[in-house]
Every structure is written in C-alpha cells, then in structure tokens.
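Structure record follows, encoded as structure tokens.
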Amino acid sequence: MKIRKFFKFVFLLLIILGSEINLIAQDKKPENLTLERIFASREFASESFGLAHWLKDGLSFTTLEKSIATPGGKDIVLYQARSGQRQILAPASYLIPPNEKNPLPIDGYSFSEDMKKVLIYTNSQRVWRQKTRGDYWVL
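Written out as structure tokens, the structure reads:
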C-alpha cells in the first residue's frame, strides 16, 4: 500500500514538474510583426536565382549562373522545367574576347528563332534613366 502511494506521489510530482517546464518555455513572448521587420530587415526576404527567359515551347527557360570553370564569368544555362535537367548553352569561356583574360560581363542576351545564335549585350552605360548604350556580340 505504501509503495502504491509512493508511485502516485512520484507520478503527480512528474506531472507538476512537466507542466512547470512547459510554462517556463512559454514565458518568452513572440515579437510583434511590424512593418520595419517586414520591409526594412532581410528576415522575410526570399532567395532568387536571377532573371529567367522562358523559351517559346513553354517547357524550358534560360538563366545566368556563376561559372565554375571560368572565375568571374557567367554561363547561360538551359533548364527543363519538368525534369530539372540542366544544360550549359554558352559557357563563360566563350565570352572571352581575343587577347583578353576575363569574360565579358553579360547585361542581357537574346536567342535567335532557331536557338543557334545568341546576341550578348555587354559594357552597358546609362543614358538618362536606362542602360541603353553598350556593345553587342553574337555567338
């Protein structure tokens, strides 16, 4: 009989201690959601992968990615949206002009209808509000 009372006492003690620990954990009040937290801090900012150019088939897109093989350059990469398959269409090494060491910085690009040529916009300069002056290269 004494053993039964002892176990009841221990059981009640564990319940009380468990609820106290739970209350202690809940003492910290959550911070209020403010406009400053939303817009001024990076707390709610999402990650992006850059600008995507969707192709006419609607199933794939191209984007610029930092080149692993050519430091400081960017590759033009094709992604298949459904499968996630990745293919480098224009590596940064193709964008190194003769007698130069570094690849051209890409400010924009556009593919021909048959996807065999790409027009690269580089060395852009601001004219009034937009970067409308620059050099064009064809690959």
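In my numbering, the protein residues as written are 6 to 144. Positions of the beta carbon are idealized from the N, C-alpha and C atoms, including for glycine.
Whether residue i touches residue j by CB criterion (8 angstroms)
i      : j      : result
Thr68  : Ala86  : no
Ser129 : Ala97  : no
Pro103 : Gly77  : no
Tyr114 : Ile125 : yes
Leu60  : Tyr99  : no
Thr137 : Ile111 : no
Residue i (DSSP reduced to helix, strand or coil)
i      : result
Leu100 : helix
Leu40  : helix
Lys61  : coil
Ala50  : coil
Ala45  : helix
Ile21  : helix
Lys106 : coil
Arg138 : strand
Arg131 : strand
Identity of the residues DSSP links to residue i by a beta bridge
i      : result
Ser115 : Leu124
Ile81  : Leu69, Ala95
*Can we say the region 69-82 touches the region 39-51, given the rule of at least three CB pairs closer than 8 angstroms?*
No, because fewer than three Cβ pairs between the region 69-82 and the region 39-51 fall closer than 8 angstroms, the two stretches do not touch.
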